[in-house]
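Residue numbers (mature numbering (1 follows the signal peptide of the UniProt record, and there is no 0)): -22 to -1, 1 to 415.
Backbone N, C-alpha and C define an ideal beta-carbon position, used for all residues, glycine too.
Please read the structure below before turning to the comments.
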């Protein structure tokens, strides 16, 4: 938790130099200095930094930008996954480097804290997805990612497809973990599913605490679970789930996109513990540009002698597109950089980039995936057509919604039978209005 004494001191320091920073930026018109705040020790942070570096390289080589006198310069800082470290890095970047914008922070908790500094420069996050982050509190916050609430329709559709009427939600007790819950509960209720129990875990929960909560769940007759938490907590959580036998025949597990997006970079021991899990992630439309980027990505890793080449994930693409969005706005700068970014529209690596209410619009489609060995796509969900087995190149469903087919699913315990979803009768008497922690 941020000290009540440290934070005001940082904010006071920022206010003393914020205006001079804005003035000084007019004296260096050929450079846009961008602070980058990431957890460089995490797979997402490491990949995002490389993707942003590649974005700068591609910008400088682009025919539309190669002769432009304005250049972006990145100033990376390592938050080490600590909100207070992210805050101090932002202050240092604003004071010493006089940056014109900040990309990052990586988590919703860091973004919430850095929002206090956002009244001078744009703060662009490609991964802070909590619905609790609001532009009303910080009008300079730009979310180059989707709001977590955009996926609740797909989750509810999965529950409804398999005929599950009662289930358990397990989520992280944080801005990220709590933000999705109201809309998720509503979507499940509208699909005639009842959340009979909620388990809430602290972000830094120790294994012994996680184990104790899982034992409580074993005392229930529940066998269908929805999990929404950070990938770091999920990695430890599912290893315990597997150790206690909750990843066996008869159980069903759905995970949200924050976990699915990081599955390709998780340790094999974690994936081994998640066999049979299903989840969703945004569908990225294929393109020649994306293919070329992926090939360059692989070549860069070969050059750097990495033993294992991680798959490019959506956070990497959004980080890349964040750099391009900022560059395009800077090249056509009017009186307000933030408003120029918000009004921008272009085709990025991740697809069409257009912001609405300060954030990326909901994806045209979500992929439904199944952990079988690695990660296997088994279908899609769109808001207009529901479940479908295929999409065309524009991410439009190719089948009649009446078919609602998906590929074969491998359930926990190597079972091919859909878990029945027994009636949940929690001994504590808690329901969706109460939770255990």
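Problem - CA-to-CA distance, residue 135 to residue 347, given in whole angstroms - result: Indexing the chain shown from 1 puts residue 347 at position 369. Indexing the chain shown from 1 puts residue 135 at position 157. Rounded to whole angstroms, residue 347 to residue 135 spans 14 Å at the Cα level.
Exercise for the section: Output the distance between the C-alpha atoms of residue 105 and residue 196, rounded to the nearest integer angstrom. Expected result: Indexing the chain shown from 1 puts residue 105 at position 127. Indexing the chain shown from 1 puts residue 196 at position 218. Rounded to the nearest angstrom, the two C-alpha atoms are 33 Å apart.
Exercise for the section: Return helix, strand or coil for residue 171, following the three-state DSSP convention. Expected result: Locating residue 171 in the chain shown gives position 193, where the first residue counts as 1. Coil, per DSSP.
Exercise for the section: Please check the pair residue 53 and residue 75, which I expect to be a contact at CB under 8 Å, by giving their CB distance rounded to whole angstroms. Expected result: Locating residue 53 in the chain shown gives position 75, counting from the first residue. Locating residue 75 in the chain shown gives position 97, counting from the first residue. The pair is a contact, with the Cβ atoms about 5 Å apart (cut-off 8 Å).
Practice task
Could you tell me which uninterrupted beta strand (DSSP E) segments, each at least 3 residues in length, are contained entirely in the segment 71 to 120, listed from first to last along the chain?
Solution key: 79 to 81 and 101 to 103
Exercise for the section: Rank 173, 326, 325 and 332 by C-alpha distance to the C-alpha of residue 318 and give the top, closest one. Expected result: Start at 1 with the first residue of the chain shown, and residue 318 comes out as number 340. Of the listed residues, the one whose Cα sits closest to residue 318 is 332.
Practice task
Compare the beta carbon distance of residue 14 and residue 78 with 8 Å and say whether it is the shorter of the two.
Solution key: The count along the chain shown starts at 1 and reaches residue 14 at position 36. The count along the chain shown starts at 1 and reaches residue 78 at position 100. Not in contact: residue 14 and residue 78 (Cβ atoms no closer than 8 Å).
Handout entry: residue 129 versus residue 205: straight-line alpha-carbon distance, rounded
Key = Within the chain shown, numbered from 1, the residue matching residue 129 stands at position 151. Within the chain shown, numbered from 1, the residue matching residue 205 stands at position 227. Roughly 13 Å separates the two Cα atoms.
Handout entry: For residue 306: DSSP bridge partner residues
Key = In the chain shown, the residue the question calls residue 306 occupies position 328. In the DSSP output, where bridge partners are listed per residue, residue 306 has none listed.
Exercise for the section: Give me the Cα-Cα distance between residue 323 and residue 42, rounded to the nearest whole angstrom. Expected result: Position 345 of the chain shown holds residue 323. Position 64 of the chain shown holds residue 42. Taking the straight line joining both Cα atoms gives about 16 Å.
Exercise for the section: Label residue 155 either buried or exposed according to how many other C-beta atoms from any shown protein chain fall within 10 Å of its C-beta, with 16 as the threshold for buried. Expected result: Residue mapping note: residue 155 aligns to position 177 of the chain shown, counting from 1. It counts as buried.
Practice task
Kindly indicate the opening and closing residues of the beta strand (DSSP E) around residue 145.
Solution key: In the chain shown, the residue the question calls residue 145 occupies position 167. Run containing residue 145: 144 to 150, per the beta strand (DSSP E) assignment.
Exercise for the section: Indicate whether at least one CB of chain C lies closer than 8 Å to the CB of residue 366. Expected result: Chain labels in this structure do not include chain C; a single protein chain is all it has.
Exercise for the section: Closer than 6 Å by C-beta to residue 355: which residues in its own chain qualify, once you throw out the five before and the five after it? Chain order, please. Expected result: Counting from 1 along the chain shown, the entry for residue 355 is found at position 377. 345 and 347, listed in sequence order.
Handout entry: Anticipated Cβ contact below 8 Å, residue 169 with residue 219, distance rounded
Key = Here residue 169 refers to the residue found at position 191 when the chain shown is read from its first residue. Here residue 219 refers to the residue found at position 241 when the chain shown is read from its first residue. That pair is no contact at about 25 Å.
Exercise for the section: Within the same chain, show all residues whose beta-carbon is closer than 7 Å to that of residue 384, passing over the 5 residues directly before and after it, in chain order. Expected result: For the purposes of this step, residue 384 is taken as the residue at position 406 of the chain shown. Hits under 7 Å: 346, 356, 357, 365 and 367.
Handout entry: Limits of the unbroken alpha helix (DSSP H) element including residue 317
Key = By one-based count along the chain shown, residue 317 stands at place 339. Looking at the DSSP string, the run of the alpha helix (DSSP H) that includes residue 317 is 315 to 321.
Practice task
Give the C-beta separation of residue 142 and residue 399 to the nearest angstrom, bearing in mind that I take them to be a contact with Cβ-Cβ under 8 Å.
Solution key: Along the chain shown, read from residue 1 onward, the residue named residue 142 stands at position 164. Along the chain shown, read from residue 1 onward, the residue named residue 399 stands at position 421. Correct: roughly 4 Å between the Cβ atoms.
Handout entry: First and last residue of the uninterrupted beta strand (DSSP E) at residue 366
Key = Along the chain shown, one-based indexing puts residue 366 at 388. Residues 364 to 366.
Problem - Continuous alpha helix (DSSP H) stretch holding residue 214: start and end - result: For the purposes of this step, residue 214 is identified with residue 236 of the chain shown, where counting begins at 1. 209 to 221 is the span of the alpha helix (DSSP H), which, as asked, contains residue 214.
Practice task
Mark residue 207 as exposed unless 16 or more other C-beta atoms lie within 10 angstroms of its C-beta, in which case mark it buried.
Solution key: By 1-based counting over the chain shown, the position of residue 207 is 229. It counts as buried.
Practice task
Tell me whether residue 35 sits in a helix, a strand or coil according to DSSP, three-state version.
Solution key: Along the chain shown, one-based indexing puts residue 35 at 57. It is helical.
Exercise for the section: State the Cα-Cα distance for the pair residue 49 and residue 125, rounded to the nearest angstrom. Expected result: In the chain shown, counting from the first residue as 1, residue 49 sits at position 71. In the chain shown, counting from the first residue as 1, residue 125 sits at position 147. Their backbone Cα atoms lie some 30 Å apart in a straight line.
Exercise for the section: Consult DSSP for residue 327 and reduce its assignment to one of helix, strand or coil. Expected result: As a position in the chain shown, residue 327 is number 349, starting the count at 1. Coil, per DSSP.
Handout entry: Residues bridged to residue 389 [DSSP beta-bridge criterion]
Key = As a working mapping, residue 389 is identified with position 411 in the chain shown. Partner(s): 393.
Exercise for the section: Apply the 10 Å Cβ neighbour rule to residue 419 and answer buried if 16 or more other Cβ atoms are within range, or exposed otherwise. Expected result: Residue numbering for the chain in the displayed model covers -22 to 415; residue 419 lies beyond these limits and cannot be assessed.
Exercise for the section: Note the first and the last residue of the continuous alpha helix (DSSP H) segment covering residue 19. Expected result: Position 41 of the chain shown, counted from the start, is the residue given in the question as residue 19. From DSSP, residue 19 is part of no alpha helix (DSSP H); its letter is neither H nor E.
Practice task
Compare the Cα-Cα distances from residue 65 to each of 267, 133 and 85 and report the closest residue.
Solution key: Looking up residue 65 in the chain shown gives position 87. Checking every option, the nearest Cα to that of residue 65 belongs to 85.
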